[in-house]
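All you need for our numbering is the position in the sequence shown, starting with 1, plus 2. Down below is the structure, laid out as structure tokens.
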Amino acid sequence: MKIHQIYTGNQLRNFTYIIQLNNNSAIVVDPWDAEVINGFLNNHNLSLSTIINTHEHWDHTQGNQALVDKHGCEVWAHNNGVGKIPGLTRTLSSDEKIEIEKGCFIEVLDTPGHCLAHLCFIVHLNNKAQYIFTGDILFNAGVGNCHDGSVSDMYTTIQEKFVNLPDDIIILPGHDYLENNLNFTLSREPSNEMAKHWLEKYKQSDIYTNPLKTTMADEREINTFFRLDNNEIINNLTHEVNSEKEVFVCLRVLRDKW
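Below you can see the structure in the form of structure tokens.
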């Protein structure tokens, strides 16, 4: 099994992912451009078996119909995506575990906050959680907006589904917002040396050939939304807060305007 991260270069800075399996089949996560995906499949002699959508927003599903028409593939997504997600054939349940090849399965997480039809997916290899597709819930150094969901749900999702993930699990988000998120972190916590280090790494990287990847250990250092008890962050808020949830809510409001 190999995961290919494809930067689409569109205005919204989407990522699409192709999971290449050992039997030369493939699973596509959040297809943006069907032609690009078909070109990749052809170049690697892969057949497309399945599309997985993290949620129903158009920028994560717009490649669905053309791929279904060409390949007759399945489409998996949240039950709340019925009638919204093109080609949907299978709805997934929270905590469901789906073997995609021997020694490899994906674990389904129901993750409301960005919207009510959002799922994230942990990839387990040889009984170890190694990757997590996070859609628009968790970005590198940030979290998603809540325009179609609620900040309260987002907070609960982060606390219940992400805070206790293993340090070495690799984050595979739906968009590249790393630079802007790091700048937001530094606006809230100017002394964060690790965020400064990652910002420099980002400026020297090539997102098309080798996108930077963070782990949960990195997120705990550079993501403001995982640092809710940090005194510098709290002291830089615009009004008094009495809980970590209130810190989270204030940060999300500030990030909306960033």
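We treat Cβ as the ideally placed atom computed from N, Cα and C, and that holds for glycine.
Ranked by how close their Cα comes to the Cα of F228, the residues K203, E191 and P213 have E191 in first place. Every beta strand (DSSP E) stretch that sits fully inside the segment 144-205 and reaches 3 residues is listed by chain position as 172-175.
Taking every protein chain shown into account, the CB of W260 has fewer than 16 other CB atoms within 10 angstroms, so this residue is exposed. In the structure shown, the three-state DSSP call for C122 is strand. For G89, the closest of G176, L127 and W78 by C-alpha to C-alpha distance is W78. Per DSSP, the continuous alpha helix (DSSP H) segment holding K72 begins and ends at N66 to H73. Here N26 is near S49, since their CB atoms are less than 8 Å apart. Under the 8 Å Cβ criterion, the segment 26-40 does not count as touching the segment 236-247, having fewer than three qualifying pairs. With distances taken between CA atoms, V255 lies nearest to C148 out of L201, N182 and C148. For the options L230, K99 and N82, the alpha carbon positioned closest to that of T91 is the one of N82. Between L121 and the set K104, S154, K163 and F107, the nearest pair of CA atoms involves K163. P175 sits close to F141, with the two beta carbons spaced by under 8 Å. Beta-bridge annotation (DSSP): V31 is paired with Y19 and I54. Counting along the chain, the unbroken alpha helix (DSSP H) around T63 starts and ends at W60 to T63.
Take L127, set aside five residues on each side of it, and the residues of its chain with a beta-carbon closer than 6 Å to its own are C106, in chain order. Rounded to whole angstroms, the separation of the alpha carbons of D170 and F250 is 24 Å. Note on V153: 16 or more other CB atoms within 10 angstroms of its CB, so buried under the neighbour-count rule.
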